[in-house]
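In our numbering, the protein residues as written are 76 to 233.
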C-alpha cells in the first residue's frame, strides 16, 4: 500500500485492499493452525498470528476517528489515569505480579488469572479473528462512507 499523508484521509481502495489481505492471512492462519494440530508445530501459526495482529493494528490506526486526540495522546492520558488508580489503591499488585483489581472468590482467596496453553490461545485467536475482521470491515465501510459524503459536500454547488 502506498504511504498516506498525515493530513489526507487514507484512500478507501487501499483500506479495502488491506482488509482483503487480512482475510487471506486469516485463511493461511487457519491452515497453519490445522497443520499445527496434526504435527504439533505451532510456530507457523504463531508467526501468522503476530503478522495478522500487526496488520489489524495498522488498519485500525488508519481508521482512527479522533483527529483531535491522537493515539499517543490517548495512551498518555491512559497512563495518567492508571497512575491515579495505583495511588488511590484501586489498582494493586496481584500475587502473580501483574497490576489489577483484586477479585475475591467465595472462599476468600484472591482470584488469579488462569494462563492458557499455546494451542488454546491460538484457538481463541482463531475464533475471535472472524469478529475482528467483521468489525474492521464495518469500520472501513463507515469510514469510507463518511469520506465520500465529505467529498460530495465539497463538490456540491451552494
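Note that beta-carbon positions come from the ideal geometry of N, C-alpha and C, so glycine has one too.
According to DSSP, is residue i part of a helix, a strand, or is it coil?
| i | result |
| --- | --- |
| residue 201 | helix |
| residue 138 | coil |
| residue 227 | helix |
Verify whether the separation of the beta carbon atoms of residue i and residue j is less than 8 Å.
| i | j | result |
| --- | --- | --- |
| residue 208 | residue 97 | yes |
| residue 219 | residue 90 | yes |
| residue 101 | residue 127 | yes |
| residue 157 | residue 144 | no |
| residue 152 | residue 136 | no |
| residue 105 | residue 201 | yes |
| residue 123 | residue 103 | yes |
| residue 87 | residue 217 | no |
Is it right to say residue i is buried, meaning 16 or more other beta carbons lie within 10 angstroms of its own, or is it exposed?
| i | result |
| --- | --- |
| residue 131 | buried |
| residue 215 | buried |
| residue 204 | buried |
| residue 197 | buried |
| residue 108 | buried |
| residue 120 | buried |
Do you know how far the Cα of residue j is from the Cα of residue i?
| i | j | result |
| --- | --- | --- |
| residue 93 | residue 174 | 35 Å |
| residue 125 | residue 159 | 32 Å |
| residue 138 | residue 225 | 16 Å |
| residue 213 | residue 112 | 32 Å |
| residue 116 | residue 129 | 22 Å |
| residue 188 | residue 164 | Because the pLDDT of residue 188 is 36, which lies under 50, any placement of that residue in the model is unreliable, and the number read from its coordinates should be weighed accordingly. Between residue 188 and residue 164, the C-alpha separation is close to 19 Å. |
| residue 199 | residue 114 | 19 Å |
Would you kindly report the start and end of the unbroken alpha helix (DSSP H) that includes residue i?
| i | result |
| --- | --- |
| residue 173 | Counting along the chain, residue 173 falls outside any alpha helix (DSSP H), and DSSP gives it neither H nor E. |
| residue 165 | Run containing residue 165: none; DSSP gives neither H nor E here. |
| residue 115 | No alpha helix (DSSP H) contains residue 115, which DSSP labels as neither H nor E. |
With a threshold of 8 Å between beta carbons, is residue i in contact with chain D?
| i | result |
| --- | --- |
| residue 96 | Reference to chain D is not applicable here, since this structure consists of a single protein chain. |
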